[in-house]
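In this note's numbering, the protein residues as written are 2 to 164. The C-beta atom is built at its ideal place from N, Cα and C for all residues, glycine as well. From a predicted model like this one, the values you see are computed outputs, not experimental measurements. Okay, structure first, notes after.
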Amino acid sequence: MRTAICPGSFDPITLGHLNIIRRAAAIFDRVVVCVTINSEKTSPMFTNEEKIEMVRRAVAKYPNVSVDSCGMLLADFVRKFENPVLIKGLRAASDFDYEFQMDLVNKRINPCLETMFLTADRKYTFLSSSIVRELARYGADLKGLVPDELIGFIEEKARMRRT
Ligand code: ADP
Numbered sequence: 002m003r004t005a006i007c008p009g010s011f012d013p014i015t016l017g018h019l020n021i022i023r024r025a026a027a028i029f030d031r032v033v034v035c036v037t038i039n040s041e042k043t044s045p046m047f048t049n050e051e052k053i054e055m056v057r058r059a060v061a062k063y064p065n066v067s068v069d070s071c072g073m074l075l076a077d078f079v080r081k082f083e084n085p086v087l088i089k090g091l092r093a094a095s096d097f098d099y100e101f102q103m104d105l106v107n108k109r110i111n112p113c114l115e116t117m118f119l120t121a122d123r124k125y126t127f128l129s130s131s132i133v134r135e136l137a138r139y140g141a142d143l144k145g146l147v148p149d150e151l152i153g154f155i156e157e158k159a160r161m162r163r164t
């Protein structure tokens, strides 16, 4: 059995992330979405618990997808899974530059760990968590950007932060 690991900060999960997760779930026996915590990214909008819960709700309909979180080096974290492969989405050349470097770093720590890349669906190449946070901050419509079932929660969180 091969396990695809889809890591990210998911602050919040977007339809771009979900598109990659869904496609990975169609290729691999099992997918683990890994919410990375304590990453370099400062001032997240959502707590770790909220990010995990949002991912959980978004992937609930996929039977071979589960959610975990990782507060250590990803290359070490994945050792607990059977035949792990990292899956990353590529939106643009800038993603590639960063991910190429990450792969080299990961291989220094865990030489057997491979990373596979799925190109972003063209509907979502512009989409990032930071775009969603910015739009939410100004009360813009989030339909088509994040899973429908999370829109109310994200809007409410943004509203609370404004007041
Ligand atoms: P972001 O870059 O949106 O802050 P993350 O750090 O959570 O998101 O990214 C996790 C992974 O998801 C990375 O591999 C990233 O390239 C991928 N990803 C993010 N947004 C998209 C998208 N719109 N389409 C495809 N892949 C994406």
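### Message
My parser needs the beta strand (DSSP E) runs of 3 or more residues fully inside the region 69-100; what are they?
### Response
85-91
### Query
Taking the alpha-carbon positions, what's the Ala94 to Gln102 distance?
13 Å
### Task
Return the CA-CA distance between Asp96 and Thr116, expressed in angstroms with no decimal places.
13 Å
### Message
Applying the 10 Å Cβ sphere with the 16-neighbour rule, what's the burial state of Lys144?
### Response
exposed
### Task
Report yes or no: do three or more beta-carbon pairs, one from the region 75-95 and one from the region 49-57, lie closer than 8 Å?
no
### Task
Grab the span of the alpha helix (DSSP H) containing Leu19 for me, first residue to last.
16-28
### Task
Please name the residue in Ser70, Val147, Arg123 whose C-alpha comes closest to that of Ser131.
Val147
#### Entry: Option nearest Pro13 by Cα separation, candidates Thr164, Gly153, Ile28
Gly153
### Task
Count the other C-beta atoms from every protein chain shown that fall within 10 angstroms of the C-beta of Tyr125, then say buried if there are 16 or more, exposed otherwise.
buried
### Query
Which of helix, strand or coil does DSSP assign to Met103?
helix
### Distance, Thr164 Cα to Met2 Cα
49 Å
### Task
With DSSP as the reference, label Ser67 as helix, strand or coil.
strand
### Query
Under 9 Å, do Val79 and Ala26 count as touching if we go by C-beta distance?
no
### Task
With DSSP collapsed to three states, give me the class of Ile38.
coil
### Message
Rounded to the nearest angstrom, what separates Arg31 and Asn84 at their Cα positions?
### Response
10 Å
### Query
Which of the three DSSP states, helix, strand or coil, is assigned to Leu136?
helix
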